[in-house]
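In our numbering, each residue's number is its place in the sequence shown (first place is 1) plus 86.
One structure is given below, encoded as structure tokens.
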Amino acid sequence: MFRVDWPFILKSSLLDQFPLIVHGFGTKHFQEKELGEFCRSQNLEPVFLSQAHSSHIHYLEEKPTVVLEGDALVTSKPGLLLLIKTADCLPVLIFDPANRIIACAHCGWRGTSSRLLEKLVDFLVTSFKTRPENLSVAFGPCISRDCYEVGLEVRDIFSQSGFPRDEKLFSPHPLHPDRFFLDLRMANRNQLLAQGIRKEKIEEITICPHCHPDFLSFRRDAVTKARLFNFIGLLTTDGF
């Protein structure tokens with residue numbers, strides 16, 4: 087269950103049980119000013135990506151001196167706040183308590199069809215001997231299936247990547263046979279389950295930014311460049 091710290095951020099009760107980390111999914115009221123204040127209060131250095139709707143993953147030993155291009159960050163270094171910006175896409179936060187490793191991912195349809203989360207879990211297992219069943223994962227707000235209309239070409243790209251042509255994943259449009267409604271959460275959840283992450287260790291928020299006025303949606307608010315900030319960080323001490 088998610089805990090609401092209105093008007094600024096949502097927190098996952100699953101991740102909130104770990105005093106080593108801070109995390110949150112921002113609303114439209116949590117912007118640069120609030121982020122800066124939060125980082126200063128927690129003695130954290132923010133790290134952003136140049137997000138590219140890709141499956142590129144970066145491991146950080148220190149804060150990078152340049153902005154890296156990609157859609158997932160991993161670190162075991164305390165004092166860094168990993169950030170993902172969204173405005174319909176799915177933000178994912180991950181914690182490996184056994185190895186004290188955090189990760190975040192930006193999962194739009196392109197990254198999802200490229201199996202970004204599958205590759206991220208593989209990276210953790212290969213690099214740190216992470217046990218998938220030990221991971222705790224939180225999904226933030228993302229566009230709901232009912233609001234996420236896509237074309238036949240998107241379904242075909244998913245199919246080419248090994249995703250099933252399941253009507254639960256791609257619900258047919260009632261009026262247009264070449265249009266579908268994509269369940270982005272399901273597509274990413276299924277990747278994690280297939281990698282051995284336990285169902286009870288995946289916590290999801292079902293708020294749709296497209297429907298909710300306290301969030302930002304690219305499909306609804308295309309004229310704005312503002313984005314939602316989603317973050318996870320390792321504290322320099324075992325508490326605030």
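For each residue, glycine too, the CB sits at the ideal point set by N, CA and C.
Distances from the alpha-carbon of Glu286 to those of Ala184, Ser222, Val160, Phe124 put Ser222 closest. As for any beta strand (DSSP E) of minimum length 3 sitting wholly inside the region 173-241, the runs are 176-182, 187-193, 222-225, 235-237, ordered along the chain. By alpha-carbon distance to Ala308, the top candidate from Ala158, Val160, Val178, Asp174 is Asp174. When DSSP reads this structure, Ala308 sits in no beta bridge, so it has no partner.
According to DSSP, residue pairing for Ile143 in a beta bridge involves Ala158.
Shown here for Arg201: same chain residues with a beta carbon closer than 7 angstroms to its own, the five before and five after excluded, namely Ser141, Ser247, Gln277 in chain order.
Ser230 and Leu270 have their C-alpha atoms spaced approximately 7 angstroms apart. Remark: C-beta atoms of His192 and Gln281 do not approach each other more closely than 8 angstroms. The C-alpha of Leu166 is placed about 17 angstroms away from the C-alpha of Gly112. Fully enclosed alpha helix (DSSP H) runs of no fewer than 4 residues occupy 270-280 of the region 240-306, in order along the chain. Taking 8 angstroms as the cut-off, the beta carbon of Ile188 is found no closer than this to the beta carbon of Thr216. Spatial neighbours of Val240 in its own chain (CB-CB distance under 8 angstroms, excluding positions within 5 residues in sequence) are listed in chain order as Trp195, Ser199, Phe266, Leu268. In this structure Arg305 is in contact with His296, their Cβ atoms being roughly 6 angstroms apart against a cut-off of 8 angstroms. Comparing alpha-carbon positions, the option among Thr151, Ile170, Ile243 lying closest to Leu159 turns out to be Ile170.
The bridge partners DSSP lists for Glu131 are Leu166. Within the DSSP secondary-structure output, Phe315 pairs in a beta bridge with Lys171.
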